Structure formats: C-alpha cells, structure tokens
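The structure appears below as structure tokens.
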Amino acid sequence: MTTTLKTDLTIADIVNGFTYNELEGKGLFGWGGKLVIQPEYQRNYIYADGKRDVAVVDSLLKGYPIGLIYFVKTAEGKYEVLDGQQRITSFGRFVTDKFPYTGADGRERNFTSLPADQKDLLLKTPLTIYICEGKESEIKEWFKTINIAGVPLNEQELLNAIYSGPFVTKTKEEFSNSMKPTLQKWKAYVRGNEKRQEILREALSWVSKGDIDGYMAKHRFDADIAELKTYFTTVIDWAGTVFAGVEDEMCGLDWGRLYETYHANAYDPAKVWARVKELYADEFVRNRKGIFEYVLGGEKDTRLLDVRVFEPKETKAVYAKQTATAEKKGISNCPLCAIGHDANAKRIWKFSEMDADHVTPWSKGGATDIKNCQMLCRTHNRAKGNR
Ligand SMILES: [Zn+2]
Numbered sequence: 073m074t075t076t077l078k079t080d081l082t083i084a085d086i087v088n089g090f091t092y093n094e095l096e097g098k099g100l101f102g103w104g105g106k107l108v109i110q111p112e113y114q115r116n117y118i119y120a121d122g123k124r125d126v127a128v129v130d131s132l133l134k135g136y137p138i139g140l141i142y143f144v145k146t147a148e149g150k151y152e153v154l155d156g157q158q159r160i161t162s163f164g165r166f167v168t169d170k171f172p173y174t175g176a177d178g179r180e181r182n183f184t185s186l187p188a189d190q191k192d193l194l195l196k197t198p199l200t201i202y203i204c205e206g207k208e209s210e211i212k213e214w215f216k217t218i219n220i221a222g223v224p225l226n227e228q229e230l231l232n233a234i235y236s237g238p239f240v241t242k243t244k245e246e247f248s249n250s251m252k253p254t255l256q257k258w259k260a261y262v263r264g265n266e267k268r269q270e271i272l273r274e275a276l277s278w279v280s281k282g283d284i285d286g287y288m289a290k291h292r293f294d295a296d297i298a299e300l301k302t303y304f305t306t307v308i309d310w311a312g313t314v315f316a317g318v319e320d321e322m323c324g325l326d327w328g329r330l331y332e333t334y335h336a337n338a339y340d341p342a343k344v345w346a347r348v349k350e351l352y353a354d355e356f357v358r359n360r361k362g363i364f365e366y367v368l369g370g371e372k373d374t375r376l377l378d379v380r381v382f383e384p385k386e387t388k389a390v391y392a393k394q395t396a397t398a399e400k401k402g403i404s405n406c407p408l409c410a411i412g413h414d415a416n417a418k419r420i421w422k423f424s425e426m427d428a429d430h431v432t433p434w435s436k437g438g439a440t441d442i443k444n445c446q447m448l449c450r451t452h453n454r455a456k457g458n459r
C-alpha cells in the first residue's frame, strides 16, 4: 500500500457537488463527483445530534484543525472516504444549510446568512488528507490500525502505519519494548513513552538529523536496523561517558545534536562532572538545562545558562550615582568613554543609552550584585561582551 499526503484541498473543493441522502442520513458524494463519502463499509452518519456536527463547524470557524482525513484511491481513479466521513458530512450539511450555527452573539444562523468573512474562512480551510492506494485487504488492515478505539495516533505512530514493513517491525522490537533492560538507562537521556513510540522517534530523529519521514521511506523494506541501533547507542554511551552522573535536566536534551557538535573534543569526565555540580550550586544560573552544553562548549556561551541579570532598580541606582560623579568631574558617565580621547570623553549618556555590566564577569566569579555593577554605553558594553 502507498500513502500520499495531500494538503491543497479545501472545504470548498470537497463540498463542491455535495449530496446528502436525508432518508438514510448519509453524505453521498463530493469533490465534483470524484469522492464517494460513505462507502458501504463505513458507519452511518452519527454526528447529526446537534452537538457533534455543530462542534465540527465551531472548530472550523475558530480556525482549529479538524484532524487527519483518509481517502482511498480506487481502481477507477475515484476516491472513497476511509476516515473522516462524519466530519465531511457535518460541514457538507452545514454549507448546504441543513442545520444552523449559534454564534458568539447567541444568534442562530445558517451558512447562507453568515457574514462574508466567516463563510470565506470556512470554505478556504485547507484539509490534511492522506490518500491510500493498495489492495482491499491492506486497506482494511490500515483502517483497523487508524481506528484504535478513540486514541488518536501521534505523529510517529502514524509514520509507523504509513511505512509499515520489516523496518518498522524491527524498530518496534528494539525501541518499544518495555521489558528491555537498557530502557531505564535510555530514559535518563530520552523523554517519552516507549509504547507511544516516543523513544523510537528520538532515535530516528538523531540518526536522520531530523528527517524522520525521509529516513523511514528510504529504509522501509530493510530488515536490518543496525545503523539506527548503533547510532543511538553511540550517542547515549557518549553522553554517559562525558557526564559521569545523571541529573533530571539531562533528560530530553537534544543529545543527537550535542554528539554531532562536540564528540570530536576530548574531555576529562571527572573535571566535567565537578563543573556541572558547581554550576548546579550557582544561584545565578537560571537555566540548568543549558549547563551541559555550556560545559561541552568550553564555558564560553553564558547565554545558555540564562545568568541572572541586574534588576531595573539596581541599574537605575548605579546610573544615578555614576552620572552625578561624572558631572562633578566634567567627564563622561561611561567610565570607558571617560578614559578615551575622542568626542565621547565628556559625553553624558542617557539611561536608555547604557547597559549594565558585571565589573568582574560572572564567568570569572563576579556576582550579580549591585557592588559588581557598572553602567557602560552600548558600544563599550558590547565590546566587553563577556558578562
Ligand atoms: Zn562608553
């Protein structure tokens, strides 16, 4: 079976030629006659209870998605709705004025009497449609898969269904197996539920550098998943070697990217872990998730740590004091301008033209404390950089 994603059809396209059988309560045809809305194996239309059909219209008018729709392409080149007939019949009936919608103002309106912009919004809504082609037995199997009682498939589960085959079977044995002894170790680094294919998703994302769909398409018929397994294990082992301990914030980091960026560098695990511990204890570090990449990158990019900055009441006090002193001496209130020889040597900057600076940078042990704060003009603050 093959599956193609189609995103260029709108509600207007689907309701073109929409016909509804009042007696049987069935949506029959749409898409200019190309679409059979309710093939025989489908459930009867059960949305006409004045709640669920209205809910579909309500979602559309609010711009919310109404979910994936599946068509089957038949041998005759027409299409049958595999999943989504209830939603299609709901908006088809609404557009043909079969039931009214109560707006935010409490007034009931049928489609024809809606304001033009609302009509337009509804008709131009694009739909996300998967078109399946294949043998009837395959399609029935697929229909069973996508209809797991009331639980919508997540993206990875959907990809597993689309690319079903030996590769998916093998990857599930490896990455969705709750009995696997290594799973606990993996979960220190990867967030997610193995049963919902979330560990697999991360493994695929790492090995494919984010192109999961492309990777699965390419390997669909492979029974060998060695590349995926080896890459995943390599990344996890690397993380476990460089960082000698485990912290909660390590879980869910993009280890694939960290591995690609830093694995060629040599680290002393004991020193690395000692630094991690120190940074965990540093009250100025507000983003603990950033500690790991900060250390891997040689402690250069303090932005990763979101170090606490000076509060406005602190910077205003420092500005007032610095400016008063400068005016008395007839020099610039930016101490770096004041020791220069250009036109700015006597310039008094406005508060809005200056930034707060750590006299001793945070990375050299300087605290975010008013005693360690000075105001610099923008140019000098940028030039100093390291805070
Ligand atoms: Zn300056």
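For reference, each letter of the sequence shown is one residue, going 73 to 459 in the working numbering. Quick reminder that beta carbons are idealized off the backbone N, C-alpha and C, glycines included. It should be emphasised that the depicted structure is a prediction, and the values quoted were computed from it without experimental measurement.
query: Please determine whether the Cβ atom of His413 lies at a distance below 8 Å from any heavy atom of ligand 1.; result: no
query: Does the distance between the C-beta of Ser404 and the nearest non-hydrogen atom of ligand 1 fall short of 8 Å?; result: yes
query: Buried or exposed: which applies to Leu173, given that a residue is buried once 16 or more other Cβ atoms fall within 10 Å of its Cβ?; result: Correcting the residue identity first, residue 173 is Tyr in this sequence and not Leu. It is buried - the Cβ of Tyr173 has at least 16 other Cβ atoms within 10 Å.
query: Which two residues bound the contiguous alpha helix (DSSP H) that contains Leu376?; result: Neither: Leu376 is in no alpha helix (DSSP H) and is coded neither H nor E.
query: By Cβ distance, which residues of its chain are closer than 6 Å to Ile203, with the 5 residues on each side in sequence left out?; result: Thr76, Lys78, Phe143, Lys145
query: Determine the extent of the alpha helix (DSSP H) in which Met288 is found, giving its start and end residues.; result: 284 to 291
query: Whole angstroms are fine: how far does the CA of Tyr92 sit from the CA of Gly105?; result: 13 Å
query: Any heavy atom of ligand 1 closer than 8 Å to the CB of Thr387?; result: no
query: In the structure shown, what three-state DSSP assignment does Gly403 receive?; result: In the sequence as presented, Gly is not what sits at residue 403; that position holds Ile. Ile403: coil per DSSP, three-state reduction.
query: Taking Ala428 as the reference, give the member of Gly437, Asp441, Glu210 with the closest Cα.; result: Asp441
query: DSSP state of Glu350, grouped into three classes?; result: helix
query: Apart from the five residues on each side of it in sequence, which residues of its chain come closer than 7 Å, Cβ to Cβ, to Thr305?; result: none
query: Measuring from the CB of Thr451, is there a heavy atom of ligand 1 at a distance below 8 Å?; result: yes
query: Provide the residue span of the beta strand (DSSP E) that contains Tyr136, from first to last.; result: Unbroken run through Tyr136: none, as it is neither H nor E.
query: For a test of the three-state rule: what should DSSP assign to Ser435, helix, strand or coil?; result: helix
query: Expressed to the nearest angstrom, what Euclidean distance is found between the alpha-carbon atoms of Ala439 and Cys445?; result: 9 Å
query: Let me know if Phe382 comes out buried or exposed under the rule of 16 or more other beta-carbons within 10 Å of its beta-carbon.; result: buried
query: By alpha-carbon positions, which one of Glu355, Ala188, Gly178, Thr387 ends up nearest to Met426?; result: Thr387
query: List the endpoints of the continuous alpha helix (DSSP H) containing Tyr366.; result: 363 to 368
query: Rounded to whole angstroms, what is the Cα-Cα separation between Glu399 and Gly369?; result: 43 Å
query: Do Asp125 and Thr161 have their C-beta atoms closer together than 9 Å?; result: yes
query: Got a sec: does ligand 1 put a non-hydrogen atom nearer than 8 Å to the Cβ of Cys445?; result: no
query: When DSSP labels each residue in this structure, what does Asp192 get in the three-state scheme?; result: helix
query: By the 10 Å Cβ neighbour count, where 16 or more other Cβ atoms means buried, how is Ser248 classified, buried or exposed?; result: buried
query: What ranges does the beta strand (DSSP E) occupy inside the region 140 to 189, keeping only unbroken runs of at least 3 residues that lie completely in it?; result: 141 to 145, 151 to 155
query: Taking 8 Å as the cut-off, is the C-beta of Cys409 nearer than that to any heavy atom in ligand 1?; result: yes
query: Taking its Cβ as the centre, do 16 or more other Cβ atoms sit within 10 Å of Phe163, making it buried, or is it exposed?; result: buried
query: Which of the three DSSP states, helix, strand or coil, is assigned to Lys207?; result: coil
query: Following the continuous beta strand (DSSP E) through Tyr92, name the residue where it begins and the one where it ends.; result: 91 to 93
query: Taking all protein chains shown into account, decide if Asp29 is buried (16 or more other Cβ within 10 angstroms of its Cβ) or exposed.; result: Any answer about residue 29 is impossible in this case: the structure gives the chain only from 73 up to 459.
query: Taking the Cβ atom as the reference point for each residue, do Ile211 and Lys257 lie within a distance shorter than 9 Å?; result: no
query: Would you verify that the beta carbon of Phe163 is, or is not, closer than 9 Å to some beta carbon of chain B?; result: No chain B is part of this structure, which consists of one protein chain only.
query: Could you give the residue range of the beta strand (DSSP E) that holds Asp309?; result: No beta strand (DSSP E) contains Asp309, which is instead part of the alpha helix (DSSP H) from 298 to 314.
query: Within the region 223 to 271, note down every full alpha helix (DSSP H) run reaching 4 residues or more, in order along the chain.; result: 227 to 234, 238 to 247, 255 to 258
query: From what residue to what residue does the alpha helix (DSSP H) around Thr333 run?; result: 327 to 334
query: By a C-beta neighbour count over all protein chains shown, 10 Å radius and 16 as the cutoff for buried, is Tyr113 buried or exposed?; result: Note that Tyr113 has pLDDT 47, beneath the 50 cutoff, so the model's placement of it is unreliable and the number below is only indicative. With fewer than 16 Cβ atoms within 10 Å of its Cβ, Tyr113 is classed as exposed.
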